[in-house]
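Residue numbers (our numbering): 1322 to 1592. Glycine is no exception: its CB is placed at the ideal position from the N, C-alpha and C atoms. Given the structure is predicted, the values throughout are model-derived calculations rather than measurements. What follows is a single structure, written as structure tokens, with notes after it.
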Ligand SMILES: [Zn+2]
């Protein structure tokens, strides 16, 4: 499964067709652009490869992406009836509740999205299953680890917003948790990107400082709400009605898809 020692190897990008040598930086950080032609990373190439192996490229096949990377979305739009959607810009889709704008789906992609969904995250898993046709496929990538407490980092918040002051501050309009802040400093790191989060629950009425909250760039402002565990992910998917859950550990060096870590592998679930 995990490959911890990888010597230099060449690959052909399945987005642009260019040949590159897999860079060592991408072993430390798989999000690092590893194709010198188009800048695709391991995740982009996995998505294209796996979607086209799961569903035959055909305009009769309907799929939706949730904030898919633009180069991935462009290719999917050529091959399928596909719509890339966003939480906060058009075309919008809130995966916790919205209907599919394309009707019953053959595939749904949520790549680096579910860690940001406002709690309870089970709603998002249920809605994902609901908008897929029976046998439809859900491709999901999220940060996950084998051990630890997968409980949500932030409790259910109502009418909350995030503001920037001297440091990042979470302001909760609900006032049960009047003010939470964190210093954004570095902390113990699980692998390449994800940090441990402090324990919940927050003592009632107390100011709580969160260290190491993780924000992602892109349109909008994405706070990482949770770190999944492998068990928690599988439980959520099965509870939502997915009949099969596969953690993909199959490397494909020909297209530059390798997994230097034993955690965080992409997931394919079938309804
Ligand atoms: Zn490329």
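Original post:
Tell me which same chain residues have a C-beta within less than 7 Å of the C-beta of residue 1563, skipping the five on either side of it?
Top reply: Within the chain shown, the letter at position 242 stands for residue 1563. If we look at residue 1563 and ignore the five residues flanking it on each side, its Cβ neighbours are 1450, 1459, 1590, 1591 and 1592.
**OP:** Enumerate in chain order the residues of its own chain whose CB-to-CB distance from residue 1418 is below 8 Å, with the five nearest sequence positions on each side excluded.
**Re:** Translated into positions along the chain shown, residue 1418 becomes position 97. Answer for residue 1418: 1444 and 1448, listed in chain order.
Original post:
So does residue 1552 have its beta carbon nearer than 7 Å to some heavy atom of ligand 1?
Top reply: Translated into the one-based positions of the chain shown, residue 1552 becomes position 231. Not so, every heavy atom of ligand 1 lies at least 7 Å from the Cβ.
Subject >> residue 1432, enclosing beta strand (DSSP E) - first and last residue >> reply: Numbered from 1 along the chain shown, position 111 holds the residue referred to as residue 1432. Here the beta strand (DSSP E) through residue 1432 covers 1426-1432.
Original post:
In chain order, what residues of the same chain lie with their CB nearer than 6 Å to the CB of residue 1461, ignoring the 5 residues before and after it?
Top reply: In the chain shown, counting from the first residue as 1, residue 1461 sits at position 140. Once the five neighbours on either side are set aside, the close Cβ partners of residue 1461 are 1431 and 1588.
**OP:** Could you check what DSSP says for residue 1578 in three-state terms: helix, strand or coil?
**Re:** By 1-based counting over the chain shown, the position of residue 1578 is 257. Three-state DSSP puts residue 1578 in a strand.
**OP:** Flag this pair as yes or no: are the beta carbons of residue 1363 and residue 1351 separated by less than 8 Å?
**Re:** The residue labelled residue 1363 in the question sits at position 42 within the chain shown. The residue labelled residue 1351 in the question sits at position 30 within the chain shown. It is a contact, given that the beta carbons lie within the stated cut-off.
Original post:
Excluding five sequence neighbours on each side, which residues of the same chain lie with their C-beta closer than 6 Å to the C-beta of residue 1568?
Top reply: Taking the chain shown and counting its residues from 1, one reaches residue 1568 at position 247. Contacts found: 1586 and 1588.
Subject >> DSSP state of residue 1455 mapped onto helix, strand, coil >> reply: Within the chain shown, the letter at position 134 stands for residue 1455. In the structure shown, residue 1455 sits in a strand (DSSP, three-state: E or B).
**OP:** Could you tell me which of 1348, 1376, 1416 and 1339 sits nearest to residue 1358, measuring between CA atoms?
**Re:** In the chain shown, counting from the first residue as 1, residue 1358 sits at position 37. Nearest C-alpha to residue 1358: 1339.
Subject >> Cut-off 7 Å between Cβ atoms - residues of its own chain near residue 1435, not counting five sequence neighbours on either side >> reply: Within the chain shown, the letter at position 114 stands for residue 1435. Excluding positions up to five away in sequence, the list reads 1442, 1445, 1461 and 1463.
Original post:
Taking 7 Å as the cut-off, does the CB of residue 1368 come closer than this to any heavy atom belonging to ligand 1?
Top reply: The residue labelled residue 1368 in the question sits at position 47 within the chain shown. Residue 1368: no, Cβ never under 7 Å from ligand 1.
Original post:
In terms of DSSP beta bridges, what is residue 1320 paired with?
Top reply: No information on residue 1320 is available, as it lies outside the stretch 1322 to 1592 that the chain covers here.
Subject >> Buried versus exposed, by CB contacts within 10 Å (16 or more), residue 1381 >> reply: Stepping through the chain shown from its first residue, residue 1381 is reached at position 60. Exposed.
Original post:
Just the Cα atoms here: how many angstroms apart are residue 1405 and residue 1394?
Top reply: The count along the chain shown starts at 1 and reaches residue 1405 at position 84. The count along the chain shown starts at 1 and reaches residue 1394 at position 73. About 6 Å.
Subject >> Bounding residues of the beta strand (DSSP E) (the contiguous stretch that carries residue 1589) >> reply: Residue 1589 sits at position 268 when you count from the first residue of the chain shown. First-last of the beta strand (DSSP E) with residue 1589: 1588-1591.
Subject >> Beta-bridge pairing of residue 1462 - partner residues as DSSP gives them >> reply: As a first step, residue 1462 is located in the chain shown; it is residue number 141 there, counting from the start. The partner list for residue 1462 (beta bridge, DSSP) reads 1432.
Original post:
Identify the residues that DSSP records as bridge partners of residue 1396: which are they?
Top reply: As a working mapping, residue 1396 is identified with position 75 in the chain shown. Looking at the DSSP assignment, residue 1396 forms no beta bridge with any residue, so it has no partner.
Subject >> For residue 1347, the three-state DSSP class (helix, strand or coil) >> reply: Taking the chain shown and counting its residues from 1, the one referred to as residue 1347 is at position 26. Looking at residue 1347 - three-state DSSP - the assignment turns out to be helix.
Original post:
Quick one: does the C-beta of residue 1331 sit closer than 7 Å to a heavy atom of ligand 1?
Top reply: On the chain shown, residue 1331 is found 10 positions in, with the first residue counted as 1. Because no heavy atom of ligand 1 lies under 7 Å away, the Cβ of residue 1331 does not count as near it: no.
**OP:** Kindly provide the chain-ordered list of residues whose Cβ lies closer than 6 Å to any non-hydrogen atom of ligand 1.
**Re:** 1334, 1336, 1337, 1339, 1356, 1358, 1359 and 1361
Subject >> Beta-carbon contacts of residue 1337 that lie in its chain and below 6 Å, excluding the five residues immediately before and after >> reply: Numbered from its first residue, the chain shown carries residue 1337 at position 16. Excluding residues within five positions, the ones whose Cβ falls inside 6 Å are 1358 and 1359.
**OP:** Just the C-alpha distance for residue 1453 and residue 1391, rounded to the nearest angstrom, thanks.
**Re:** Here the question's residue 1453 lines up with position 132 in the chain shown. Here the question's residue 1391 lines up with position 70 in the chain shown. Computed Cα separation, rounded: 23 Å.
Original post:
If you draw a straight line from the alpha carbon of residue 1616 to that of residue 1557, how long is it in whole angstroms?
Top reply: Coverage of the chain is limited to positions 1322 through 1592, which leaves residue 1616 absent and any answer about it impossible.
**OP:** Please list, in chain order, all residues of the same chain as residue 1371 whose beta carbon is under 8 Å from its beta carbon, the five residues on each side excluded.
**Re:** Within the chain shown, the letter at position 50 stands for residue 1371. Hits under 8 Å: 1460, 1569, 1587 and 1589.
Original post:
Can the beta-carbon of residue 1348 be found closer than 8 Å to that of residue 1581?
Top reply: Taking the chain shown and counting its residues from 1, one reaches residue 1348 at position 27. Taking the chain shown and counting its residues from 1, one reaches residue 1581 at position 260. Their beta carbons are under 8 Å apart, which means residue 1348 touches residue 1581 by this criterion.
Original post:
Between the C-alpha atoms of residue 1361 and residue 1334, what's the straight-line distance to the nearest angstrom?
Top reply: Locating residue 1361 in the chain shown gives position 40, where the first residue counts as 1. Locating residue 1334 in the chain shown gives position 13, where the first residue counts as 1. Looking at the two C-alpha atoms, the distance is approximately 8 Å.
Original post:
With 16 as the cutoff for other CB atoms within 10 Å, does residue 1410 come out buried or exposed?
Top reply: Here residue 1410 corresponds to residue number 89 of the chain shown, with the count starting at 1. So residue 1410 counts as exposed.
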